[in-house]
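Q: Each protein sequence line maps, in turn, to chains A and B. All letters in the first sequence, in the order written, are residues 21 to 376 by the numbering used here. All letters in the second sequence, in the order written, are residues -19 to 338 by the numbering used here. This structure is in structure tokens; I'll ask about it shortly.
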Amino acid sequence: MPERVSHGFWFAAWRRYRRKPLAMAALVFVCFLIGVAILAPAIAGTKPVLCRYKGQIYAPCLSYFDRRLEPAIFVKDRFRGTYPQNLREKDPESWAIWPLVFQDPYRAVRDNEWPGRPANPTKDEGHPNRFNLFGTDQYGVDVLAKMVHGTTVALAVGFVSMGLAGTIGIVVGALGGYFGGWIDMLLSRVTEVVMCIPTLVLILALVAFVDKPTIWKTMAIIGATGWTGIARLARGEFLRLRSSEFVLAARSAGAGPLRIMLRHILPNALAPVLVPITFGIASAILTESALSFLGFGSPPPSASWGALLNDARSNLSMWWLVAFPGIAIFLTVLAYNLIGEGLQEATDPRLRESRK
Amino acid sequence: MSGSGAVPLVDVKNLQTHFPVRKGLLRHVVGAVQAVDGVSFSIQKGQTLGFVGESGCGKTTVGRSILRLIEPTGGSVRFGGTDVRVQNGAQLRLMRRRMQIVFQDPYGSLNPRMTVRTILEEGLLIHRIGNAAERLATVSRALERTGMSPGSLERYPHEFSGGQRQRIAIARALVLEPEFLVLDEPISALDVSIQAQVVNLLVDLREQCGLTYLFISHDLSVVAHVSDHVAVMYLGRIVERASASQLYREPLHPYTLALFSAVPTIDPAKRRRRIVLTGDVPSPSRPPKGCRFHPRCPLAEQVCREIDPPEVCLDGHLVHCHVAAREIERTGGDVRAASANLAEKVASRVAEIAGDSR
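What follows is the structure, encoded as structure tokens:
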């Protein structure tokens, strides 16, 4: 037999996925969002990406990720978050690389903060303009900056909550499907009970109980309630595969339940389970936006797209507060749905046959 | 029974495997599918026992019950002198090293997400045998033994044909160097042209590695070719068991006679009258009273409908049939004459039934 390269299942699936332009565009869009989330402080902010101050190099922009990353020297020298002027006055030798857009997601840019630039307009005067591409909210905070920094939340909500939901769902489904009997009985009933609880209502109730609602708690709650569909699918796959001959062969080789579940069944069950997880990411983003819209989302300092919509609620004349975050949410949800669909078509052999 | 004094490698006594039938909201047991119901046999080291029977007669379940891939509900399975059924986890794992299985469907028995190498290495990893280099050597050797090139190690099952896949499945069974192989219809899913190759491979391997086989098939001619002894199964029970030559020379059970008449032969002089059985195999969840074969047996009598036929054994030729037992008695133990008479009887009875219905 001639030597040749062999491709596994996922490689073949990727090749099929690549042929779908819409799904590929969606994937590129999500990658773009990930890029935006990671580079957010370099895209929009009022703190230099890199600067040289009193002979040292600093990266104050990192403080957008975590307040503690703000170099101590700027606190000591009383910069108070206003870098351009202070840098110039306190160390004429200094230089700085600035973010692409000089706008802060947490406060309005003041008059002449950037040489020769007026203060951000407030209230309903903040139409999209040269300095504020997506306009400003009623307090004069730039919408684009808010959205760029809110990308992290939008992505994290999807990944964290569905990571949690996926883990719970696969574990529950795997145990029920593989062991069957009373374990399956019990887990299926628990799944059905959780399924009956309307997620949004549960989250609203829990938010009322939780002391300090943070975005992480919201994600945990979305994840803890969103695993039912995944569990049912995983259960079906494990049930189907546990009596397959390759599993029997593994058992006769002496493999224990854990090895069979992880090495033999899970890789075969993963593709069908991944599809609802992708759709779940989309719905988690929507849920978070809905919560923020209702005012139960993350508290003010962390910007989220849903919170922007909430601001628009009381200022309906400020159409830009609705339009831009709305479009962003719509596109992201659409992208995840397209990815899920593409994944389904690339991995499901039945769909593959019919489309040939 | 194979009879000799040596302890058989595999000794199965009164094996029972019933599957519960559940019904209703609380899923209480309302009955049992008696897939295997009181099967006994033994296999000497180095020998092959063939199992034949229609689909659904329980032959696959017998094979899987021995390996405890399905838990038997009764009886005993002794392997090399120890009872398989009472082994706990660690002991069972050790025992499984010594007995392996090859499945019917080479498309379903190889994990599609694994390369041939990982598939073959699995057993070695589980039993912690050798280091990486030794494992690779063992795996390549097993693959070569089955006539595959080691170049296929890094490839995936879907890149192979059915026959090649079955060779890989056989190689997997050989990697742990077992003493006993259950071959569960290993050639039924293959093209006819490939079947002979695989059968010959199995026969060669038996000689080379000193293996003991339980060969399950519905193909009488293949079973005759590879087996030393043959057991005929019907509806969860063995109805006749004999050495291969005995069974082919002088079949006694009407069911065996019917099976033989269905084997195609080229020689027209040898062509027997086809015995067509009427009706379907009854459900194993409600097997008929008396002899299980009686609703379809052309020779069924009143006693067959009421009493389970006892075992009659003559020169290691075992049969469960009232009519055959009487015939043997009548001919004074001449099995060959009894077989000929029975065949004659069945043929005339079948002709009669055909005439009646016309």
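Ideal Cβ positions, reconstructed from N, Cα and C, are used throughout, including at glycine.
Going along the region 357 to 369 of chain A in order, which residues come within less than 7 angstroms of chain B, judged by CB to CB distance?
A: Residues: none.
Q: Smallest Cα separation from residue 64 of chain A: which of A:356, A:259 and A:170?
A: Here residue 64 of chain A is taken as the residue at index 44 of the first sequence, counted from 1. Residue 64 of chain A has its Cα closest to that of A:170, out of A:356, A:259 and A:170.
Q: Ends of the beta strand (DSSP E) at residue 209 of chain B?
A: Taking the second sequence and counting its residues from 1, one reaches residue 209 of chain B at position 229. Start and end: 209 to 214.
Q: State the Cα-Cα distance for the pair residue 268 of chain A and residue 209 of chain B, rounded to the nearest angstrom.
A: By one-based count along the first sequence, residue 268 of chain A stands at place 248. By one-based count along the second sequence, residue 209 of chain B stands at place 229. Computed Cα separation, rounded: 27 angstroms.
Q: Using 10 angstroms around the beta-carbon of residue 51 of chain A, count the other beta-carbons present and answer buried if the total reaches 16, otherwise exposed.
A: Residue mapping note: residue 51 of chain A aligns to position 31 of the first sequence, counting from 1. Label assigned to residue 51 of chain A: exposed.
Q: Against chain A, with Cβ distances strictly below 8 angstroms, would residue 33 of chain B count as a contact?
A: Within the second sequence, numbered from 1, the residue matching residue 33 of chain B stands at position 53. Taking Cβ atoms only, chain A never reaches closer than 8 angstroms to residue 33 of chain B, which makes this a no.
Q: Could you spell out where the beta strand (DSSP E) holding residue 122 of chain A opens and where it closes?
A: As a first step, residue 122 of chain A must be located in the first sequence, where it is residue number 102. Premise fails: residue 122 of chain A is in no beta strand (DSSP E) and is neither H nor E.
Q: Rank A:118, A:249 and A:339 by C-alpha distance to the C-alpha of residue 190 of chain A and give the top, closest one.
A: As a working note, residue 190 of chain A is residue 170 in the first sequence. Answer by Cα proximity: A:249.
Q: Indicate whether at least one CB of chain B lies closer than 8 angstroms to the CB of residue 42 of chain A.
A: Position 22 of the first sequence, counted from the first residue, corresponds to residue 42 of chain A. By this cut-off, residue 42 of chain A is not an interface position.
Q: Who are the neighbours of residue 28 of chain A on chain C, taking C-beta pairs under 8 angstroms?
A: Although the question refers to chain C, the structure presented lacks it and instead comprises the protein chains A and B.
Q: Report yes if the C-beta distance between residue 163 of chain B and residue 42 of chain B is below 8 angstroms; otherwise report no.
A: Start at 1 with the first residue of the second sequence, and residue 163 of chain B comes out as number 183. Start at 1 with the first residue of the second sequence, and residue 42 of chain B comes out as number 62. Against a cut-off of 8 angstroms, the Cβ pair of residue 42 of chain B and residue 163 of chain B comes out as no contact.
Q: With a threshold of 8 angstroms between beta carbons, is residue 146 of chain B in contact with chain A?
A: The residue given as residue 146 of chain B occupies position 166 in the second sequence. With 8 angstroms as the cut-off, residue 146 of chain B does not count as an interface residue toward chain A.
Q: What residues of chain B sit near residue 271 of chain A, judged by a beta carbon separation below 7 angstroms?
A: By one-based count along the first sequence, residue 271 of chain A stands at place 251. The contacting residues are 49.
Q: Please list the partners that residue 288 of chain A has in chain B, where partner means a Cβ-to-Cβ separation under 8 angstroms.
A: For the purposes of this step, residue 288 of chain A is taken as residue 268 along the first sequence, with counting starting at 1. Near residue 288 of chain A (Cβ distances below 8 angstroms), the residues of chain B are 91, 92 and 93.
Q: Is it true that the CB of residue 12 of chain B sits closer than 8 angstroms to the CB of residue 38 of chain B?
A: As a first step, residue 38 of chain B must be located in the second sequence, where it is residue number 58. As a first step, residue 12 of chain B must be located in the second sequence, where it is residue number 32. In this structure, residue 12 of chain B does not lie closer than 8 angstroms to residue 38 of chain B by Cβ.
Q: For residue 127 of chain B, which residues from the same chain have a beta carbon less than 7 angstroms from its beta carbon, with the 5 sequence-adjacent residues on both sides left out?
A: Counting from 1 along the second sequence, the entry for residue 127 of chain B is found at position 147. Cβ within range, chain order: 147 and 181.
Q: Determine the contact status of residue 188 of chain A and residue 247 of chain A, defining contact as a CB-CB distance below 8 angstroms.
A: In the first sequence, residue 188 of chain A corresponds to position 168, counting from 1. In the first sequence, residue 247 of chain A corresponds to position 227, counting from 1. Their beta carbons are under 8 angstroms apart, which means residue 188 of chain A touches residue 247 of chain A by this criterion.
Q: Taking C-beta pairs closer than 9 angstroms, name the residues in chain A that residue 80 of chain B reaches, listed in chain order.
A: Here residue 80 of chain B refers to the residue found at position 100 of the second sequence. Ordered by position in chain A, the residues that pass the 9 angstroms Cβ test against residue 80 of chain B are 269, 272 and 273.
Q: Please report whether the beta-carbon of residue 258 of chain A lies at a distance below 8 angstroms from any beta-carbon of chain B.
A: Numbered from its first residue, the first sequence carries residue 258 of chain A at position 238. Not closer than 8 angstroms to any Cβ of chain B, the Cβ of residue 258 of chain A fails to qualify, so no.
Q: How about residue 98 of chain B and residue 52 of chain B: do their beta carbons lie closer than 8 angstroms?
A: As a position in the second sequence, residue 98 of chain B is number 118, starting the count at 1. As a position in the second sequence, residue 52 of chain B is number 72, starting the count at 1. In this structure, residue 52 of chain B does not lie closer than 8 angstroms to residue 98 of chain B by Cβ.
Q: Quick check on DSSP: helix, strand or coil for residue 12 of chain B?
A: The count along the second sequence starts at 1 and reaches residue 12 of chain B at position 32. Residue 12 of chain B falls in the strand class under three-state DSSP.
Q: Around the Cβ of residue 108 of chain A, are there at least 16 other Cβ atoms within 10 angstroms (buried) or fewer (exposed)?
A: Numbered from 1 along the first sequence, position 88 holds the residue referred to as residue 108 of chain A. Residue 108 of chain A is exposed by the Cβ-count criterion.
Q: For a contact meaning CB atoms closer than 7 angstroms, what does residue 265 of chain A contact in chain B?
A: Mapped onto the first sequence, residue 265 of chain A falls at position 245. Those are 83, 85, 88 and 89, listed as they occur along chain B.
Q: Closer than 7 angstroms, Cβ to any Cβ of chain A: which residues of the region 200 to 221 of chain B, in chain order?
A: Answer in chain order: no residues at all.
Q: Using the DSSP secondary-structure output, state which residues sit across from residue 398 of chain B in a beta bridge.
A: Since the displayed chain B opens at -19 and closes at 338, residue 398 of chain B lies outside it and no answer follows.
Q: Based on Cα-Cα distance, which residue from B:1, B:-11 and B:17 lies nearest to residue 28 of chain B?
A: The residue given as residue 28 of chain B occupies position 48 in the second sequence. Of B:1, B:-11 and B:17, the residue nearest in Cα terms is B:-11.
Q: Taking the continuous beta strand (DSSP E) assigned at residue 192 of chain B, which residues delimit it?
A: Your numbering for residue 192 of chain B matches position 212 in the second sequence. Its beta strand (DSSP E) spans residues 192 to 197.
Q: Skipping 5 residues on each side, what residues in its chain have a beta carbon closer than 8 angstroms to that of residue 118 of chain B?
A: As a working mapping, residue 118 of chain B is identified with position 138 in the second sequence. Contacts found: 104, 109, 110 and 155.
Q: Helix, strand or coil for residue 153 of chain A? Go by DSSP, reduced to three states.
A: For this step, residue 153 of chain A is matched to residue 133 along the first sequence. In the structure shown, residue 153 of chain A sits in coil (DSSP, three-state: anything other than H, G, I, E or B).
Q: What residues are listed by DSSP as bridge partners for residue 294 of chain B?
A: Numbered from its first residue, the second sequence carries residue 294 of chain B at position 314. In DSSP, residue 294 of chain B forms a bridge with B:297.
Q: List the whole-angstrom C-beta distance separating residue 332 of chain B from residue 302 of chain B, where the pair is believed to meet the contact cut-off of C-beta under 8 angstroms.
A: As a position in the second sequence, residue 332 of chain B is number 352, starting the count at 1. As a position in the second sequence, residue 302 of chain B is number 322, starting the count at 1. With a Cβ gap of about 20 angstroms, residue 332 of chain B and residue 302 of chain B do not count as contacting.
Q: 8 angstroms is my cut-off, CB to CB: does residue 284 of chain A come that close to chain B?
A: In the first sequence, residue 284 of chain A corresponds to position 264, counting from 1. For residue 284 of chain A, the answer is yes, since a Cβ of chain B falls inside 8 angstroms of its Cβ.
Q: Decide if residue 374 of chain A is buried, meaning its Cβ has at least 16 other Cβ atoms within 10 Å, or exposed.
A: Residue 374 of chain A sits at position 354 when you count from the first residue of the first sequence. The predicted model places residue 374 of chain A with a pLDDT of 47, which falls under 50 and marks its position as unreliable; any figure quoted below should be read in that light. It counts as exposed.
Q: Only counting the same chain, and skipping five residues up and downstream in sequence, which positions put a Cβ closer than 7 angstroms to that of residue 288 of chain B?
A: To locate residue 288 of chain B, count along the second sequence from 1; it is residue 308. Same-chain partners within the cutoff: 270 and 271.
Q: Would you identify the three-state DSSP class for residue 22 of chain A, choosing helix, strand or coil?
A: Residue 22 of chain A sits at position 2 when you count from the first residue of the first sequence. Interpretation of residue 22 of chain A is limited by its pLDDT of 45, a score under 50 that renders its predicted location unreliable; no figure is taken from the coordinates.
Q: What residues from chain A crowd round residue 182 of chain B, counting only those whose CB sits closer than 9 angstroms?
A: Looking up residue 182 of chain B in the second sequence gives position 202. Under the 9 angstroms cutoff, chain A gives no residues; its nearest Cβ is about 17 angstroms from residue 182 of chain B.
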